[in-house]
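A short write-up of the structure that comes next.
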Amino acid sequence: MKTEHKQVVVVGAGPSGSTVSALLKSRGIDVVVIEKATFPRFSIGESLLPACMEVVELAGMTEA
319 MKTEHKQVVV VGAGPSGSTV SALLKSRGID VVVIEKATFP RFSIGESLLP
369 ACMEVVELAG MTEA
């Protein structure tokens, strides 16, 4: 098994985990995301409120 050393481990690759990971990475922090679900998932972020989009944009995650 390969050993990796990261500054931050984010558990969950849903909207919150993905956003915080992108923000940390953009600030030069070494991040790894772990997720137990298989992708692509059927639904993700179905409860995102419009006010959340400011943070998603800040993380640079609005482009497909």
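Following this note's numbering from start to finish, the sequence shown increments by one per residue and tops out at 382.
A virtual CB, placed ideally from N, CA and C, is assigned to each residue, including glycine.
- With 16 or more neighbouring CB atoms inside 10 Å of its own CB, THR337 falls in the buried class.
- Within its own chain, the residues whose Cβ lies closer than 8 Å to the Cβ of CYS370, once the five positions on either side in sequence are excluded, are PRO333, listed in chain order.
- Distance from VAL351 to GLU322 at the Cβ level is roughly 12 Å; contact not present, criterion being Cβ atoms closer than 8 Å.
- Runs of the alpha helix (DSSP H) lying entirely within the segment 328 to 353, each at least 4 residues long, are 333 to 344 in chain order.
- Contact annotation: LEU342 and VAL326 have beta-carbon atoms nearer than 7 Å.
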